[in-house]
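Visitor: Sharing a structure here in structure tokens format.
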């Protein structure tokens with residue numbers, strides 16, 4: 002029964018989201034992110050003082066990165082169903098998420114590298130830490146494209162009863178636009194658009210969480226309705 | 193985009209008896225979502241401004257109010273054109289095409305004015321990281337400009353759905369939805385103009 006596999010893939014998204022959150026928040030203690038204007042010595046001390054938590058948290062973050070893919074594949078299957086044989090949006094979606102979500106894996110990898118050798122100089126640890134945080138927030142760019150593609154595909158559904166509800170399409174467009182402030186974090190060290198700022202971090206984080214949960218519910222609804230059957 | 197949702201709506205008139213929601217319900221998910229987020233923007237700005245009131249006042253005095261006002265007028269007129277175009281489509285009036293084209297030109301005017309405004313600022317040595325006020329100025333107006341560009345894209349699509357005789361080839365939902373979004377862009381600009389240039 003194919004709908005069983007689809008359900009498992011969808012739930013994988015929920016599992017991945019949970020792992021990511023547990024990894025980055027109570028374990029690595031990087032949520033909210035370290036302030037970009039924090040001193041180099043302080044950052045290094047933070048990694049040295051919380052080494053085990055960061056290393057274990059990073060494992061969860063990297064695992065989450067891999068587990069997002071079955072979930073994204075389930076979205077791709079629904080988009081493919083919407084588009085039919087000529088499916089540029091589906092292929093664009095697959096390609097853009099393939100590198101957009103890999104950054105989560107690399108973020109975990111750089112957290113590991115930063116915490117791995119406490120004897121390294123403060124500057125080295127700080128540089129690795131910076132890369133890890135950029136890898137977390139910068140993917141707002143591919144995420145924007147991913148959401149716009151998803152939105153356009155859903156709104157292009159010509160069926161009387163669309164595979165995914167049309168408002169979910171509009172929600173994807175909304176999510177895409179609002180993740181965008183994340184792409185300017187390289188310009189600022191303080192203020193609302195720095196990587197721990199209200200508008201470049203908290204807003205995209207909340208919007209992403211909403212998107213994620215709405216997608217899971219909408220996908221399970223479509224699977225339950227048997228939207229993938231027939232034709 | 194909305195053709196099918198309103199395929200049944202061949203009369204191009206809102207169904208009588210039932211309360212009519214302009215566009216389609218889904219558009220409003222985007223509109224209200226956007227409004228909530230811009231509200232968050234404005235609150236962040238208001239809090240930041242209280243922290244550095246003098247700096248914000250001095251910086252705000254450097255903005256070009258005349259260009260800001262010109263842009264407000266451009267967008268308001270453009271919004272009016274769209275509203276008239278929607279009404280014209282409802283009445284099968286072929287002037288709808290002209291009105292939509294006018295709205296697009298006025299919107300382009302906004303983009304051009306914005307370009308000159310930004311260039312003048314950069315030439316005067318005022319950039320993104322000059323101070324915390326200008327972070328808000330560039331980022332908020334930049335994000336709004338992105339909305340203007342998206343809106344122009346939507347209006348261009350609407351314009352392409354008219355035939356040469358000025359008849360609208362899609363459901364009324366398309367031009368209504370585009371119009372609602374364009375009004376949102378207008379509304380956000382008016383708040384931005386007041387917050388950044390006037391207060």
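Chains as they are written, first to last, in this note's numbering: chain A, 2 to 232; chain B, 193 to 391. We treat Cβ as the ideally placed atom computed from N, Cα and C, and that holds for glycine. It should be emphasised that the depicted structure is a prediction, and the values quoted were computed from it without experimental measurement.
Verify the CB distance criterion: does residue 222 of chain B have a CB-CB separation below 7 Å to chain A?
Guide: Yes, residue 222 of chain B lies at the interface with chain A (some Cβ there is under 7 Å from its Cβ).
Visitor: Taking C-beta to C-beta, are residue 194 of chain A and residue 331 of chain B nearer than 7 Å?
Guide: Going by C-beta atoms, residue 194 of chain A is nearer than 7 Å to residue 331 of chain B.
Visitor: What runs of the alpha helix (DSSP H), each 4 residues or longer, lie entirely inside the region 15 to 86 of chain A?
Guide: Correct list: 41 to 50, 52 to 84.
Visitor: What residues from the region 192 to 204 of chain A come within 7 Å of chain B, judged by C-beta to C-beta, listed N to C?
Guide: Correct list: 192, 193, 194, 199, 200, 204.
Visitor: Given a cut-off of 7 Å, decide if residue 173 of chain A and residue 197 of chain A are closer than it, judged by their beta-carbon atoms.
Guide: Not in contact: residue 197 of chain A and residue 173 of chain A (Cβ atoms no closer than 7 Å).
Visitor: How about residue 219 of chain B and residue 343 of chain B: are their beta carbons less than 7 Å apart?
Guide: The answer is no: Cβ separation not under 7 Å.
Visitor: Would you list the residues sitting across from residue 360 of chain B in a DSSP beta bridge?
Guide: B/354, per the DSSP bridge assignment.
Visitor: Just to make sure I have the definition right: I need the residues of chain A whose C-beta is within less than 7 Å of the C-beta of residue 232 of chain B. Which are they?
Guide: Simply 204.
Visitor: For residue 292 of chain B versus residue 222 of chain B, is the C-beta spacing smaller than 7 Å?
Guide: Not in contact: residue 292 of chain B and residue 222 of chain B (Cβ atoms no closer than 7 Å).
Visitor: Which value, in whole angstroms, describes the spacing of the CA atoms of residue 298 of chain B and residue 270 of chain B?
Guide: Roughly 5 Å between the two C-alpha positions.
Visitor: Closer than 9 Å, Cβ to any Cβ of chain A: which residues of the region 295 to 327 of chain B, in chain order?
Guide: The region 295 to 327 of chain B vs chain A, Cβ under 9 Å: 320, 321, 324, 327.
Visitor: Would you list, in sequence order, the uninterrupted alpha helix (DSSP H) runs of no fewer than 4 residues that lie entirely inside the region 273 to 333 of chain B?
Guide: For the region 273 to 333 of chain B, whole alpha helix (DSSP H) runs of length 4 or above, ordered along the chain, are 287 to 315.
Visitor: Quick check on residue 102 of chain A: does DSSP put it in helix, strand or coil?
Guide: It is coil, neither helix nor strand.
Visitor: In chain order, what residues of the same chain lie with their CB nearer than 7 Å to the CB of residue 190 of chain A, ignoring the 5 residues before and after it?
Guide: Once the five neighbours on either side are set aside, the close Cβ partners of residue 190 of chain A are 37, 38.
Visitor: Determine whether the Cβ of residue 274 of chain B lies closer than 7 Å to any Cβ atom of chain A.
Guide: No - not a single Cβ of chain A is within 7 Å of the one on residue 274 of chain B.
Visitor: So, are the CB atoms of residue 79 of chain A and residue 164 of chain A less than 7 Å apart?
Guide: Yes, these two residues count as a Cβ contact at 7 Å.
Visitor: My output table needs one value for residue 370 of chain B: the three-state DSSP class, helix, strand or coil.
Guide: Here residue 370 of chain B sits in helix by DSSP.
Visitor: Could you tell me the distance, in whole angstroms, from the CA atom of residue 230 of chain B to the CA atom of residue 202 of chain A?
Guide: Taking the straight line from one Cα to the other gives about 15 Å.
Visitor: What residue range is occupied by the uninterrupted alpha helix (DSSP H) comprising residue 129 of chain A?
Guide: It spans 123 to 138 - the alpha helix (DSSP H) in which residue 129 of chain A sits, taken as one unbroken run.
Visitor: Taking a contact to mean a Cβ-Cβ separation below 7 Å, would you say residue 94 of chain A touches residue 63 of chain A in this structure?
Guide: No.
Visitor: Taking 6 Å as the limit between beta carbons, can you name the residues of its chain near residue 200 of chain B, skipping five residues before and five after?
Guide: At residue 200 of chain B the pLDDT is 41, less than 50, meaning the model places this residue with poor confidence; the figure from the coordinates comes in the next sentence. Same-chain partners within the cutoff: there are none.
Visitor: Which value, in whole angstroms, describes the spacing of the CA atoms of residue 256 of chain B and residue 378 of chain B?
Guide: C-alpha separation (whole angstroms): 19 Å.
Visitor: In chain order, what residues of the same chain have a beta carbon less than 8 Å from the beta carbon of residue 199 of chain A, not counting five sequence neighbours either side?
Guide: Answer for residue 199 of chain A: 193, listed in chain order.
Visitor: Considering residue 250 of chain B, what are the terminal residues of the alpha helix (DSSP H) in which it resides?
Guide: Segment 245 to 253, the alpha helix (DSSP H) holding residue 250 of chain B.
Visitor: Does the CB of residue 212 of chain A have a neighbour CB from chain B at under 7 Å?
Guide: No, because no Cβ of chain B sits closer than 7 Å to the Cβ of residue 212 of chain A.
Visitor: At what residues does the alpha helix (DSSP H) containing residue 241 of chain A begin and finish?
Guide: There is no way to answer for residue 241 of chain A, as the model of chain A reaches only from 2 to 232.
Visitor: Just the Cα atoms here: how many angstroms apart are residue 235 of chain B and residue 42 of chain A?
Guide: Computed Cα separation, rounded: 34 Å.
Visitor: Could you give the distance in angstroms between the alpha-carbon of residue 13 of chain A and the alpha-carbon of residue 72 of chain A?
Guide: If you take the alpha carbons of residue 13 of chain A and residue 72 of chain A, they lie about 6 Å apart.
Visitor: Applying the criterion that 16 or more other CB atoms from any shown protein chain within 10 Å of the CB defines a buried residue, is residue 10 of chain A buried or exposed?
Guide: Buried is the call here.
Visitor: Quick check: the region 131 to 142 of chain A against the region 168 to 187 of chain A, are at least 3 beta-carbon pairs closer than 8 Å?
Guide: These segments touch.
Visitor: Is it the case that the Cβ atoms of residue 169 of chain A and residue 116 of chain A are separated by a distance below 7 Å?
Guide: Contact flag unset, no.
Visitor: From this set, A/167, A/127, A/8, A/59, which residue's C-alpha is nearest residue 22 of chain A's C-alpha?
Guide: Among A/167, A/127, A/8, A/59, the Cα nearest to that of residue 22 of chain A belongs to A/59.
Visitor: Quick one: is residue 236 of chain B near chain A, going by C-beta distance under 7 Å?
Guide: It does; some Cβ of chain A falls within 7 Å.
Visitor: Alpha carbon to alpha carbon, how far is residue 248 of chain B from residue 321 of chain B? Give it in angstroms, no decimals.
Guide: One C-alpha to the other measures close to 14 Å.
Visitor: Secondary structure at residue 339 of chain B, three-state DSSP: helix, strand or coil?
Guide: Note: residue 339 of chain B maps to helix in three-state DSSP.
Visitor: Between residue 340 of chain B and residue 124 of chain A, what straight-line distance do the alpha-carbon atoms span, to the nearest angstrom?
Guide: So the alpha carbons of these two residues sit roughly 43 Å apart.
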